[in-house]
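Note sheet for the following structure.
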Amino acid sequence: SQKIEQNSEALNIQEGKTATLTCNYTNYSPAYLQWYRQDPGRGPVFLLLIRENEKEKRKERLKVTFDTTLKQSLFHITASQPADSATYLCALDLSGTYKYIFGTGTRLKVLA
Amino acid sequence: DAGVTQSPTHLIKTRGQHVTLRCSPISGHKSVSWYQQVLGQGPQFIFQYYEKEERGRGNFPDRFSARQFPNYSSELNVNALLLGDSALYLCASSLEVVGELFFGEGSRLTVL
């Protein structure tokens, strides 16, 4: 069955460093991969979408890569700030369907 | 511009009762999806509606049902509530069937 894995443990990094979060998937052939940010008690907020034919996407301090051979996406936050502390979710569409599968999320804490 | 609005924000029910959750999408968005998020997990897909038709259904029992109205708002109904239905129920709208999701803040359901 389809499975998405994200680092279940929290990631603590120092302010100013680059945070790298991983999303691995199995038994999928997604057309899209998305990353969301979620703060406690709030709904997820869309950050970036990358298509299967794109290797990399950037938006301000954010960068996403998508390797369909490795079945992996990496999400980078450069020059991290304490305000970046949140849970980050990756989501894949099931090709040919209309549903997205979310990972469990990785909690990022940026230390001042 | 108003984002996705959900009501109620919090509610408490007892086992066996029924609940109706409501969602108003962003103006112009024709697709509405429902997700269930249990504490510590990622959102789990329940339904997607596009142009008032069900386009996708997740692995949830028949106690869960939904519909989309002509103005594109949506309702999620859950019958015969179980303790395990306690969760944050998220509604998301999107412009088309696939693409970035805009989430509401959710309805926090507690079943006692």
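Chains A and B are the protein sequences, given in the same order.
If you read the first sequence in my numbering, its first letter stands for residue 8, the second for the next number, and so on.
If you read the second sequence in my numbering, its first letter stands for residue -14, the second for the next number, and so on.
All C-beta atoms, glycine included, are put in the ideal place defined by N, C-alpha and C.
Chain-order list of chain B residues neighbouring A/Ile108: Phe30, by C-beta distance under 8 Å. Assignment of B/Leu73 by DSSP, reduced to helix, strand and coil, places it in the strand class. When Cβ-Cβ separations below 7 Å define contact, A/Arg49 makes contact with chain B. Restricting attention to B/Asn56, B/Phe45 and B/Gln26, the CA atom closest to the CA of B/Val63 is found in B/Phe45. Residue B/Val17 holds the alpha-carbon nearest to the alpha-carbon of B/Phe87 among B/Gln2, B/Ala65 and B/Val17.
The region 56 to 75 of chain B and the region 7 to 14 of chain B touch, with no fewer than 3 CB-CB distances between them shorter than 8 Å. In chain order, Gly27 and Pro28 make up the part of chain B whose C-beta sits under 9 Å from the C-beta of A/Leu96.
Annotation for A/Ala93: Arg44, Gln45, Asp46 and Leu115 place their beta carbon closer than 7 Å to its own, counting only its chain and skipping 5 residues before and after. Counting the other Cβ atoms within 10 Å of the Cβ of B/Phe30 gives 16 or more, which makes it buried. Assigned with DSSP and collapsed to three states, A/Ala26 falls in strand. Contact of A/Tyr35 with chain B by beta-carbon distance below 7 Å is absent, the smallest such distance being about 14 Å. Using beta-carbon distances, B/Gly89 counts as an interface residue toward chain A, with a partner under 7 Å.
Rounded to the nearest whole angstrom, the CA to CA distance from B/Tyr74 to B/Arg42 is 15 Å.
In this chain, the beta strand (DSSP E) harbouring A/Asp74 covers Leu69 to Asp74.
Counting only Cβ-Cβ distances below 9 Å, A/Leu56 has contacts in chain B at Gly84 and Glu85, in chain order. The beta carbon of B/Gly41 sits closer than 7 Å to some beta carbon of chain A.
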